[in-house]
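Numbering (this note's numbering), first residue to last: 6 to 262.
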């Protein structure tokens, strides 16, 4: 795991986009196509904004995969991740090759999981853009996360802290509106990515970051599994490292240099 600390969330987002863009260009140069995974949420605003502005990416040769989506939430809802990705990514790049969306409100959930699982299982992933939740989740894999499943996508239960985060970020007006279940890419599928770009700004993520990098690898902090992935770039800002042990932070930065 390679760690980098920026002065601001904007600098963090720019670095994350540049790292991911480099991997996309290299994949296209090597085999004529690239496959990526995209996360959503407030933590990804800057990363996605910079990514769509990166020059020299042949987006027509890129296939993107959806990381997670609420169950039974229509795309018209303000919190829909499909809506987020279409407005912030798909509509901002030219002639995207393909985007494999999760239809969280599909009539047959099992069939939808099978469809998206079959699509991603057929490909190697070059770069996954992800974040870390306030409860340490990776995608919507809340603690205790399933580290053992080999299914690419699974139905997950959202815990109270996760649902409260979605409310506090402004996606819903009341906690009762926040769905209790979602379709999420599994931990095992995320770890299959050649490169993982994990962008984590903001002080409200500081405790989760501390647990993810200082604590043991445990499904009680799902993001701690990133310690085992040598191709992970963990991008932090001054606020999200606020509670890290200074010696551990120095060790992490030293290993990355």
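Don't be surprised by glycine CBs; every beta carbon is placed ideally from N, CA and C.
Return the residue from the list the options that minimises the CA-CA distance to residue i.
{"i": "residue 127", "options": "112, 105 and 21", "result": "105"}
{"i": "residue 211", "options": "36, 233 and 243", "result": "243"}
{"i": "residue 51", "options": "223, 32 and 17", "result": "17"}
Measuring only the C-alpha atoms, how far is residue i from residue j?
{"i": "residue 96", "j": "residue 161", "result": "29 Å"}
{"i": "residue 92", "j": "residue 70", "result": "15 Å"}
{"i": "residue 256", "j": "residue 221", "result": "16 Å"}
{"i": "residue 266", "j": "residue 115", "result": "Lying before the first or after the last residue shown, residue 266 is absent from the chain, which here runs from 6 to 262."}
{"i": "residue 19", "j": "residue 241", "result": "12 Å"}
{"i": "residue 119", "j": "residue 178", "result": "32 Å"}
{"i": "residue 251", "j": "residue 10", "result": "13 Å"}
{"i": "residue 147", "j": "residue 168", "result": "10 Å"}
{"i": "residue 72", "j": "residue 190", "result": "5 Å"}
Do residue i and residue j have their C-beta atoms closer together than 9 Å?
{"i": "residue 183", "j": "residue 214", "result": "no"}
{"i": "residue 85", "j": "residue 206", "result": "no"}
{"i": "residue 145", "j": "residue 188", "result": "yes"}
{"i": "residue 89", "j": "residue 125", "result": "no"}
{"i": "residue 74", "j": "residue 87", "result": "yes"}
{"i": "residue 113", "j": "residue 78", "result": "no"}
{"i": "residue 21", "j": "residue 208", "result": "no"}
{"i": "residue 8", "j": "residue 239", "result": "yes"}
Return the chain-ordered list of same chain residues with a C-beta closer than 7 Å to the C-beta of residue i, the five sequence neighbours on each side being excluded.
{"i": "residue 29", "result": "39, 41, 62, 67, 131 and 132"}
{"i": "residue 198", "result": "42, 130, 132 and 133"}
{"i": "residue 24", "result": "202 and 238"}
Report, in whole angstroms, the separation of the C-beta atoms of residue i and residue j, which I expect to be a contact under 8 Å.
{"i": "residue 136", "j": "residue 46", "result": "6 Å"}
{"i": "residue 143", "j": "residue 228", "result": "5 Å"}
{"i": "residue 64", "j": "residue 101", "result": "5 Å"}
{"i": "residue 171", "j": "residue 139", "result": "Actually they do not touch by this definition, with Cβ atoms about 10 Å apart."}
{"i": "residue 192", "j": "residue 150", "result": "6 Å"}
Identify, in the order they occur along the chain, each residue of the same chain with its Cβ nearer than 6 Å to the Cβ of residue i, setting aside the five sequence neighbours on each side.
{"i": "residue 253", "result": "219"}
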